[in-house]
Each structure stands twice: as C-alpha cells, then as structure tokens.
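Chemist: Here the sequence shown is numbered in this note's numbering, starting from 824 and rising by one per residue.
Backbone N, C-alpha and C define an ideal beta-carbon position, used for all residues, glycine too.
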Amino acid sequence: MISSSLKKLLIEQGFRAPSVHNVQPWVLDVRDENILVYDDLTRTLSIGDASLHDHEVSLGALIEGLHLLLSTENLGVTEIAPLTESSVNFQERKLRPRYRLNIANGFKADPLAAMISKRKSYRGNFLANTAEDRKHLTDAVTTDSSAVISNPLELRQWAKDYDRCSIESNGHRPLQAELYQWMRFEKSEANYQRDGLNAESLGISAIEAWAAKFLLRPDVYAFLNKFGMAGSLISEASQIASATGLLVIFKVPGLTPLENGRNFYRLWLQLTEAGFNACPLSALVDHPEGRKKIESYFGDKPVLNVLRVGKAPQEGVYESPRLPVQETLMGVQS
Ligand SMILES: Cc1cc2nc3c(=O)[nH]c(=O)nc-3n(C[C@H](O)[C@H](O)[C@H](O)COP(=O)(O)O)c2cc1C
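(1) Quick one: measure Cβ to Cβ for residue 940 and residue 839, integer angstroms, because I've assumed they're closer than 8 Å.
(2) Tell me, please, which residues DSSP counts as bridged to residue 849.
(3) In terms of DSSP beta bridges, what is residue 834 paired with?
(4) Round the Cβ separation of residue 933 and residue 1154 to the nearest angstrom and send it over; I've been treating them as touching at under 8 Å.
(5) Between the C-alpha atoms of residue 972 and residue 1071, what's the straight-line distance to the nearest angstrom?
(6) Flag residue 1126 as yes when its Cβ comes closer than 6 Å to any non-hydrogen atom of ligand 1, and as no otherwise.
(7) Using the DSSP secondary-structure output, state which residues sit across from residue 1073 in a beta bridge.
(8) In three-state terms, what does DSSP make of residue 966?
(9) Could you round the C-beta distance between residue 1145 and residue 914 to whole angstroms and report it? I think they count as a contact, below 8 Å.
(10) With a threshold of 6 Å on Cβ separation, who are the neighbours of residue 832 within its own chain once the five nearest residues in sequence on each side are excluded?
(11) Let me know the secondary structure DSSP gives residue 971 once reduced to three states.
(12) Give me the Cα-Cα distance between residue 1005 and residue 1020, rounded to the nearest whole angstrom.
(13) Measure the C-alpha to C-alpha separation of residue 890 and residue 898 and round it to an integer number of angstroms.
(14) Distance, Cα to Cα, residue 871 vs residue 998?
Take a look at the structure:
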C-alpha cells in the first residue's frame, strides 16, 4: 500500500516534525501496510517535561506530519492503535512501543504537506509589521481551537510577562541545567548537527555562542541569577515585542495531548503557508502564573501553547538538525 517513493518521502520529511527542544524522542518502523511508532524515554526532558505532556505533543506532531505526507498518495492514518508488546531493543536502546498507525486510502491530498519542508522555528527579531500583516495573520489562523493577539501594546506586556515566567523557571537550577544539556554552542561539539538547539537555531553568532556557553553554565548562571544579572541573558522580550502576533493554541476539550499535538503542528504549518515564521513560548504556559493569565484572558479556556509569530529576514532562518535516519528508522520491511 505504501509505495517505495512514498516511503522515501515519509522518511525524508516525517522527521522534520517539531519536538520539544529538538530531542526527537522517536523511532519509526515504516511497513507496507502500517507504521509503528516507538518512543525513547532517555530522550525526554525529565525535569522540564516531567509529565511527558510536551513529549506526547511532539509525538502527535510526528504522526500528523506522516498523515499529511501519506495524503500525497491519497492515503491517511485511520486509527492510532496502542502497541501493547513490552519494550524492544534497537541499537542498544530500550524503546517503548507506543502506536500502530493503521493506514487506508480514500484521503484527499492535503496542501499542508508541502509546508513540512518549509516550516522552521525562528528565534530572532521579526521584521517590522503593518496592520495588514496583523489582519492577514488573524485571518489565517483563527479557528475554533486558536486565537491571535496582535495589539502591539498587549504584545509588549506579554513580552514582559514571558520574561518574568522564564527567568523564574530558570532560577530552578535542575531545570536550567537540563535545558543547558540540550544546547550546543560550538560546531566542534559531537551533537551540534544531531539534536537539541545549536547556535544557528538559537540565532546567535559564534562569539555570542562562545559567551553563552560560559554564562549559561548552571553554576555561573545560578551565581549571576543570585545578583539579578541573569535575566538579560535569556530575555526574549524584544523578539516577542517585534512579533506580528501571538498565536494562542487551545486544548480541544476531550482530546489527548497526542491529538492536540496533531492540531498544534497543523496550525504551525498553516502559519508557514501564510508566509509567517514562529517559535513557541512554552515558558509562559509552563509557569502557573503565566498560564493563569493567558487562560483568563480567554475566559479560562485551557491553553496548549503560545507561539510568537512574524515575518523573518530571509537569511535568518536556519534548518535545525535531525538525528541520522538510521537512528530513528527501524527498517523498511516488505
Ligand atoms: C511541544 C513543543 C514545545 C516547544 N517549546 C519551545 C520553546 O518553548 N521555545 C523554543 O524556542 N522552541 C520550542 N519548541 C520548538 C522546538 O525547539 C523546535 O521545534 C525544534 O528545535 C526543531 O526545530 P524546527 O522547529 O526548526 O524544526 C517547541 C516544540 C514543541 C513540539
């Protein structure tokens, strides 16, 4: 059912799905009739994402990407069945079997599939925007499960709120140390082109990366934080204030984090289709006060995540690395 050319596309582009901190906690087995999804619990944020909520959102994004790519040959995922076997060994890694994606035909080609290779996180300042841009953004991604905040004055306030939440969370040393572990500052580092956030995907120069490697080191960061000097190191206020808007994605009542992850990816691809770049602001929704504030803004609707959105300078957008496919693909069986 899955042709060899479609398998190639699934393998080349399926793994472009976003994952929290680019941990890529997944392994696929792409078969002729179905796709098996495994996860690797050694590739999770055990402090920052202890509940594995964002892990599931990331798996949901992976599955939605596969579904969209399957649609290019009028196929689609009809069922996400649990995989009940116990853990399997793959390249000396203990993987947890999670889902079997049952596939059938009868689906219409979805134009969002073409956005998968174009979508990239962008973490720099956005280009100046106009009232027309703000309207275009609002029209493109306002749905039953999403809303846009685009008032520039409000954005400036959210930028401050975000920084307050982020600085407070990073004051928890184990959490800051975990995030640091997934940052790659120098090209010579073994994982620079494999996973995590490297200097290019963070949008910083080699010199800034060299300084950040030292200043963000957990012991140094904790010292600076004690004297109130760490905030400027991790501030994202100027990027947020420069955005055309914030895309607020709600949790759809009754949907699992996996299903909400599918919606999250679709909305991000819709942003790409509308010509925008984006970056999630998880620190806002992971912080109890940030979450309370954004949810009460929308009448206490539960929020999944918030993305800052805008137009990026062409040369500023970088394609983040992925693990070699041999490490994320179990083998193509016939
Ligand atoms: C659930 C989830 C939460 C994320 N939260 C953040 C975040 O708070 N800050 C950030 O810079 N990127 C965040 N990201 C984006 C990932 O870091 C990004 O998708 C990953 O590095 C891969 O890069 P790409 O989006 O350019 O393909 C998040 C992604 C997911 C799936």
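Modeler: On the basis of the supplied data:
(1) 6 Å
(2) 862
(3) In DSSP, residue 834 forms no bridge with anything.
(4) Not a contact, Cβ separation roughly 27 Å.
(5) 8 Å
(6) no
(7) 1126
(8) strand
(9) 16 Å between Cβ atoms; not a contact.
(10) 892
(11) strand
(12) 6 Å
(13) 8 Å
(14) 6 Å
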